[in-house]
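In our numbering, the protein residues as written are 8 to 174.
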């Protein structure tokens, strides 16, 4: 879910101020994971309690912290992000492995159906669903797949993916 607030010269209304407060409380209690809350800044500065917010992706980048690299262990068909094992379905694993094995190359949905699924006679939007699920499992802090509008998908330039064929 994305929430965009217009923090124009009028400031926050009481309702929006309460929403901001609730989002901050959810972030502090862990109900919203770090990186999923962005602290908006307006003409009057950041929202209340901004100093208590967990660091978001922009904060980590400015402090030199990168998200953990993704390791694809091809032989055992296991994927790790840092110390965390990421559970993937067969197709999600095959899709990630295929894109990681061909960085900087754009594939159409039909090409992905052929190479990853093994057939071309399916609805091309099936690829979209699997890309969306793959992105959700790694979160917004880990860009993996880039959409090339009007063409298809490729591994993101900033993706830190390492394929280990022997493990």
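Think of the CB as a built atom: it goes at the ideal place given N, C-alpha and C, for glycine as much as any other residue.
Extent of the continuous alpha helix (DSSP H) run through residue i
| i | result |
| --- | --- |
| residue 95 | From DSSP, residue 95 is part of no alpha helix (DSSP H); its letter is neither H nor E. |
Sub-7 Å separation of residue i and residue j beta-carbons
| i | j | result |
| --- | --- | --- |
| residue 174 | residue 76 | no |
| residue 79 | residue 107 | yes |
| residue 131 | residue 116 | yes |
| residue 172 | residue 90 | no |
Neighbourhood of residue i by C-beta distance below 6 Å, restricted to the same chain and skipping five residues each side
| i | result |
| --- | --- |
| residue 121 | 127 |
| residue 95 | 86 |
| residue 48 | In this prediction, residue 48 has a pLDDT of 40, which is less than 50 and means its spatial position is unreliable; nothing more can be read from the coordinates. |
| residue 123 | 101, 102, 105 |
Extent of the continuous beta strand (DSSP E) to which residue i belongs
| i | result |
| --- | --- |
| residue 78 | 77-80 |
Sequence-distant residues of its chain with Cβ nearer than 7 Å to residue i (five each side left out)
| i | result |
| --- | --- |
| residue 83 | 174 |
| residue 170 | 79, 81, 104, 107, 108 |
| residue 140 | 99 |
Sequence-distant residues of the same chain with beta carbon closer than 8 Å to residue i, five excluded per side
| i | result |
| --- | --- |
| residue 119 | 102, 105, 134, 159, 160 |
| residue 92 | 85, 86 |
- Query: How about the stretch 149-159 and the stretch 94-101: do they share at least three Cβ pairs that are nearer than 8 Å?
  - Reply: no
- Note down, one range per segment and in chain order, each alpha helix (DSSP H) of at least 4 residues found wholly within the stretch 99-170. 116-119, 132-145
- Meets three-Cβ-pair contact criterion under 8 Å: the stretch 161-171 and the stretch 104-112: yes
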